[in-house]
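Numbering (the numbering used here), first residue to last: 52 to 453.
For each residue, glycine too, the CB sits at the ideal point set by N, CA and C.
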């Protein structure tokens, strides 16, 4: 007999760090010994391995069927050879051959260890795959372990064994991280590789913004407020359309928070990226008006067949509607899923179009609660004073309507 501690020593450097239970350890030992026996006798070897739970000692018995003609030496033994041990053996009987682990050669011991390492690794891969497959779109946190050819290798706080990376295309080009920096990102997908599952994280995807709002806004995590649509140009601006299942809860106000606290927490994580929050609406015309905020829209004309919205704004609203380098109208178009053709009132008149549409409609006019004051023509000192007082958006400094 050999003591189980001899085998435990062979893979202590692997198993000790994996928090294995006694039952899991026993199964690993048996699997490992079977692999060692296969190295000695052949891959088809059959054996019984028993481990005493009290003494931690074990018995290894190789099973060989008695045959008249051997076809598989690993699992069969010739009748004449079997009768050297016991004359009563007949063809078809099973001969039990005790094996002492101390008789295992170096190669067999190595096979035991390799098999155990493989099992531990496979189990770990399965655990990571099972744990994170249902976590896609969730926010994960960790530490930058290293930068490698443009990608960030992240050690997750909740699972240090998981391989997690942020590829270059999933990073915010305005951000720079160093080894050891704490980092948060959204799980975009679980990718299969020859080495096992790899977690692909992102700070550039719109999913990252949605995950941050879920973290900061309890109404979203509770399912009361929903993020219906979101469009983003990383590092520049994000538009988000929200909807409340509870009519008593303003979805925009819930996302903005008291004095903008919730949205500012998200903006801070995004490095100052601007965020427009608008209420979602099933009517595309209404939704288009809201999506073009902070601009006020005079009229929208929809072409359902072509899925095109024609939006007309007054001249003083045109630059707001377009946005820097066309960003506002571009994101609005992505948000509603339709093309938006934008016209100023002067251009609309020059086209010979109906001038009656130029009277500003008050129907469903909406101004985003996150209209940043920085977009107004204010002196830098004034903006600084307002910001220091906690006022970052227009509606925060306007009196409430009676």
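Buried or exposed: where does residue i fall if 16 or more other Cβ atoms within 10 Å of its Cβ makes it buried?
i: residue 185; result: exposed
i: residue 270; result: buried
i: residue 343; result: buried
i: residue 135; result: exposed
i: residue 380; result: buried
i: residue 254; result: buried
i: residue 157; result: exposed
i: residue 293; result: buried
i: residue 452; result: Its pLDDT being 39, under 50, residue 452 is placed unreliably in this model, and the coordinates cannot settle the point.
i: residue 224; result: exposed
i: residue 393; result: buried
i: residue 137; result: exposed
i: residue 283; result: buried
i: residue 149; result: exposed
i: residue 368; result: buried
i: residue 256; result: buried
i: residue 481; result: For the chain, the structure presents residues 52 to 453; residue 481 sits outside this window and is missing.
i: residue 420; result: At residue 420, the pLDDT of 42 sits below 50, so the modelled position is not reliable and the matter cannot be decided from this model.
i: residue 234; result: buried
i: residue 162; result: buried
i: residue 309; result: exposed
i: residue 145; result: exposed
i: residue 328; result: buried
i: residue 133; result: buried
i: residue 300; result: exposed
i: residue 246; result: exposed
i: residue 350; result: buried
i: residue 465; result: Absent from the model: residue 465. The displayed extent of the chain is 52 to 453, so no value can be given.
i: residue 341; result: buried
i: residue 119; result: exposed
Look up residue i in the DSSP assignment and give the residues it is bridged to.
i: residue 395; result: 364
i: residue 249; result: 214 and 242
i: residue 295; result: 276
i: residue 289; result: 283 and 326
i: residue 206; result: 194
i: residue 114; result: 97 and 147
i: residue 235; result: 192
i: residue 359; result: 354 and 390
i: residue 102; result: 109
Let me check understanding here. Comparing Cα to Cα, which of the options lies closest to residue i?
i: residue 279; options: 238, 330 and 299; result: 330
i: residue 164; options: 300, 328, 210 and 79; result: 79
i: residue 295; options: 138, 183, 85 and 332; result: 332
i: residue 288; options: 137, 317 and 298; result: 317
i: residue 147; options: 126, 167 and 115; result: 115
i: residue 198; options: 215, 103, 132 and 371; result: 215
i: residue 355; options: 208, 388 and 203; result: 388
i: residue 187; options: 228, 371 and 262; result: 262
i: residue 335; options: 139, 385, 75 and 303; result: 385
i: residue 90; options: 195, 155, 111 and 118; result: 155
i: residue 211; options: 119, 305, 249 and 242; result: 249
i: residue 231; options: 256, 200 and 193; result: 193
i: residue 218; options: 239, 327, 349 and 390; result: 239
i: residue 208; options: 200, 202, 196 and 201; result: 196
i: residue 365; options: 395, 376, 125 and 304; result: 395
i: residue 291; options: 140, 300 and 306; result: 306
i: residue 179; options: 130, 241 and 129; result: 241
i: residue 251; options: 204, 265 and 272; result: 204
i: residue 324; options: 181, 128, 259 and 220; result: 259
i: residue 76; options: 102, 358, 346 and 220; result: 102
i: residue 338; options: 123, 228, 94 and 383; result: 383
i: residue 170; options: 85, 99 and 143; result: 85
i: residue 93; options: 122, 100, 108 and 398; result: 122
i: residue 311; options: 352, 322, 353 and 267; result: 267
i: residue 201; options: 220, 378 and 183; result: 220
i: residue 130; options: 124, 139 and 117; result: 117
i: residue 401; options: 390, 213 and 363; result: 363
i: residue 276; options: 314, 302, 190 and 375; result: 302
Would the C-beta of residue i count as close to the ligand GDP, meaning under 6 Å from any of its heavy atoms?
i: residue 117; result: No copy of the ligand GDP occurs in the structure displayed, which carries no ligand at all.
Determine the extent of the beta strand (DSSP E) in which residue i is found, giving its start and end residues.
i: residue 354; result: 350-354
Terminal residues of the continuous alpha helix (DSSP H) containing residue i?
i: residue 265; result: 257-267
i: residue 379; result: 378-387
i: residue 344; result: No alpha helix (DSSP H) contains residue 344, which DSSP labels as neither H nor E.
i: residue 320; result: 312-320
i: residue 333; result: Neither: residue 333 is in no alpha helix (DSSP H) and is coded neither H nor E.
i: residue 302; result: 302-307
Checklist line | Runs of alpha helix (DSSP H) wholly within the region 117-204 (minimum 4 residues, chain order) | finding: Counting whole runs of 4 or more residues, the region 117-204 contains the alpha helix (DSSP H) stretches 130-136 and 157-184.
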